[in-house]
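Read in order, the letters of the sequence shown correspond to residues 1 to 266 in full-length UniProt numbering.
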Amino acid sequence: MAIIALVSAKGSPGVTTTALACALSWHRRLILAECDPAGGSVLAGYLGGALDGPRGIGELAVGELRDGSLESAFWSQLVDLDAPRRERLLLPGVVDPAQAGSVTPLWQRFADFFTALERGDPPYDVIVDCGRLHVTGPPWPLLRAASVVLVVSRAQLPDLSGTRAMLQAIERDFAEHRVPSGTLRLLLVGGGHGRSEVSKALQLPVIGRLPHDPRTAEVLSLGGTVRASRPLLRAARELEVPIGALLERRRARLAWPVSQGVPDAI
């Protein structure tokens, strides 16, 4: 199991929509964690504000700062997106902007906790919605801890220009913190330049492309019936295969002992 982080540059589309589409369509047991410092939107949007009372990462942060209660309180703060199976769970993001200041100092604590969920019984993957990187208090520790970081971008020139600058910032940070290479992948949304063209221009592999599907995007943003046959859900479901293969390759390489001459960087 693993942390799979999604992030975008300023002006780029649909990190939350993409993360939610993956959470609703993948076969893996997972938690969708809304860790966008600008705030979460799934409770008020896709879930239509149906839940009473505060719930989510903001409440966990306040409790952790007060009395170190993250482990004991975590599971009570989750929302079952596929009740009662508890195979697709949501950790809602910050709703009250005042809570953002409580969450920012705890990004490393959350990164360590999410990483440990792979050793749980049962184990869970964590899809982390990091939102746009250029905000106050970005969740860098979560990006560094992720097994895969998906950089979501349209394939139009203005978006790709912003994505290029963001990739450079991520690569500098990863080099400074000795994050193993091979973590980053591009995920394109909608039409525009071709995959090979974008990959060559940005010097980064494209792991997949999600179609322009405004009807499904509206349901994921505002609520309604999700239809698995819709193009966006089908494409999101298909992403599970290359991401799973990438995770398995990385695990296999990291498992090799250093004495066998395998380089540290992957």
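Even for Gly, the Cβ is constructed at its ideal location relative to N, Cα and C. Model, not experiment: these values are computed from the prediction.
7 Å CB neighbourhood of residue i in its chain, flanking five on each side removed
i           : result
G45         : S221, L222 and G223
residue 331 : Beyond the ends of the chain as shown, which are 1 and 266, falls residue 331; an answer cannot be given.
R195        : L188, V206 and R209
Residue i - DSSP class collapsed to helix/strand/coil
i    : result
C130 : strand
G45  : coil
D125 : strand
D112 : helix
L51  : coil
V173 : Note that residue 173 is Asp in the sequence shown, not Val. Three-state DSSP puts D173 in a helix.
Q168 : helix
L246 : helix
Beta-carbon proximity list for residue i, same chain, < 8 Å, skipping 5 on both sides
i    : result
P205 : R185, L186 and S199
T163 : S8, A9, S12, V151, S153, L186 and L202
E240 : C22, S25, W26, H27 and R28
R215 : R230
Y124 : M1, R29, L30, I31, L89, L117 and E118
P37  : V94, A100, V103, T104, G131, V135, T136, G137, P138 and P139
Neighbour-count burial assignment, residue i, 16 or more Cβ in a 10 Å radius
i    : result
A116 : exposed
R251 : exposed
E248 : exposed
I138 : Note that residue 138 is Pro in the sequence shown, not Ile. Buried, by the Cβ-count rule.
T136 : exposed
V189 : buried
T17  : buried
A19  : buried
L157 : exposed
S147 : buried
A2   : buried
R55  : buried
D159 : buried
R144 : buried
T225 : exposed
P84  : exposed
P92  : buried
Q168 : exposed
D96  : exposed
A33  : buried
First through last residue of the beta strand (DSSP E) which encompasses residue i
i           : result
residue 267 : Past the boundaries of the shown model lies residue 267; the chain is included only from 1 to 266, so the question cannot be answered.
E34         : L30 to E34
Bridge partners - residue i, DSSP secondary structure assignment
i           : result
S72         : None, per the DSSP bridge assignment.
V7          : V151
L187        : V152 and G208
residue 267 : As shown, the chain starts at 1 and ends at 266. That puts residue 267 outside it, with no answer to give.
D80         : L89
Alpha helix (DSSP H) segment containing residue i, residue limits
i    : result
V62  : I57 to D67
L24  : V15 to S25
A217 : P214 to L222
L143 : W140 to A145
Cut-off 6 Å between Cβ atoms - residues of its own chain near residue i, not counting five sequence neighbours on either side
i   : result
I4  : I127 and V148
S41 : T16
Near the ligand ZN: residue i beta-carbon under 7 Å from a heavy atom
i    : result
V179 : No copy of the ligand ZN appears in this structure; indeed no ligand is present at all.
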